[in-house]
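> Heads up: the sequence shown begins at 7 in this note's numbering, then just goes up one per residue. In this text, a Cβ means the ideal position worked out from N, Cα and C, and glycines have one as well. Sharing a structure below in structure tokens format, with a few things to ask.
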Amino acid sequence: MASSGEQTHLRKYIEDGIQQKIRLNYLLESYKKQEEKTRERIIDQSNLISKITFENAPDKKINLFKERLNKDQALILKIVQSTIYELLDEINELTLIMAAHLEELTEIEVDIGGFVTHAIGIDTNASLNSDNMIVTFKKGGHIEIPIGTKMSKWKDSSQMTINTTTTKAGS
7 MASSGEQTHL RKYIEDGIQQ KIRLNYLLES YKKQEEKTRE RIIDQSNLIS
57 KITFENAPDK KINLFKERLN KDQALILKIV QSTIYELLDE INELTLIMAA
107 HLEELTEIEV DIGGFVTHAI GIDTNASLNS DNMIVTFKKG GHIEIPIGTK
157 MSKWKDSSQM TINTTTTKAG S
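This is how it looks when you write it as structure tokens:
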């Protein structure tokens, strides 16, 4: 039988992993938005270059716009897209590692109490009252509750309540 220290370590590792995954997902979304904005700027710059070229603008002016266009294209290809791919890889790797740890923790907790592990990760727009297991969401709130087990069925003793909060316009 596993020690409570091992159980505590695995639970903390999984809870930290969930929080890290949530932060990585927010960072990923931020980079995707940046990529979209930069792509729109590239289209606008290309259109502007075509327009001012057609209007016989000075070469110096056209070249300035072309330099900016080239920098934006390099930004997308070299930095934004590579960071997006790295974040996706990191999230996938973290998910696989956590799944293995979750199975181990679940095995320990089933041996001890007969129940599958519930590790809950929340973002800044959600809260969890661990005394009464009430999760409250604000607009855009997000929680993750991964479950990892080798069993085909199990008992759920979480008795979790989920609430949403609404605010009036201007609040």
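Since I believe H124 is in contact with I20 (beta carbons under 8 Å), could you give me their beta-carbon distance rounded to a whole number of angstroms?
The pair is not a contact, with the Cβ atoms about 10 Å apart (cut-off 8 Å).
> Can you give the Cα-Cα distance for T6 and E113, rounded to whole angstroms?
Residue 6 lies beyond the stretch modelled for the chain, which goes from 7 to 177, so this question has no answer here.
> Starting from the N-terminal side, write out each stretch of the alpha helix (DSSP H) that is 4 residues or longer and does not extend beyond the stretch 14-50.
Counting only runs of 4 or more, we get nothing.
> With Y37 and I90 assumed to form a contact (beta carbons below 8 Å), what rounded beta-carbon distance in angstroms separates them?
Confirmed, Cβ separation roughly 5 Å.
> Between the Cα of D78 and those of L34, K67, D65 and I48, spot the shortest distance and give me the residue it belongs to.
For D78, the nearest C-alpha among the options comes from I48.
> What is the rounded straight-line gap between the Cα of I118 and the Cα of T142?
Going from the Cα of I118 to the Cα of T142 covers about 29 Å.
> I need the straight-line Cα distance from Q13 to V116, nearest angstrom please.
Those two C-alpha atoms are separated by around 11 Å.
> Can you tell me which of the three DSSP states E73 falls into?
Helix at E73.
> Excluding sequence positions up to five away, which residues of its chain have a Cβ less than 8 Å from the Cβ of Q26?
Contacts found: L100.
> Could you name the residues of the same chain whose beta carbon sits closer than 6 Å to that of L34, not counting the 5 residues immediately before and after it, in chain order?
Closer than 6 Å at Cβ, skipping near neighbours: L93.
> DSSP puts N62 in a beta bridge; with which residues?
DSSP output for N62 lists no bridge partner at all.
> First and last residue of the beta strand (DSSP E) that includes I151?
Per DSSP, I151 belongs to no beta strand (DSSP E) and is neither H nor E.
> Based on DSSP bridge pairs, tell me the residues matched to V86.
Paired residue(s): none; V86 is not in a bridge.
> What did DSSP end up calling I126 once you bin it into helix, strand or coil?
Coil, per DSSP.
> Taking the alpha-carbon positions, what's the M139 to Q40 distance?
About 37 Å.
> Could you give the distance in angstroms between the alpha-carbon of S177 and the alpha-carbon of A132?
Residue confidence for S177 is low, a pLDDT of 48 falling below 50, so the modelled location carries little weight and cannot support an answer.
> In whole angstroms, give me the CA-to-CA distance for M157 and I126.
Roughly 20 Å separates the two Cα atoms.
> Figure out for me which residue from I85, I103 and S10 has the closest Cα to the Cα of I24.
Minimum Cα distance to I24 is reached at I103.
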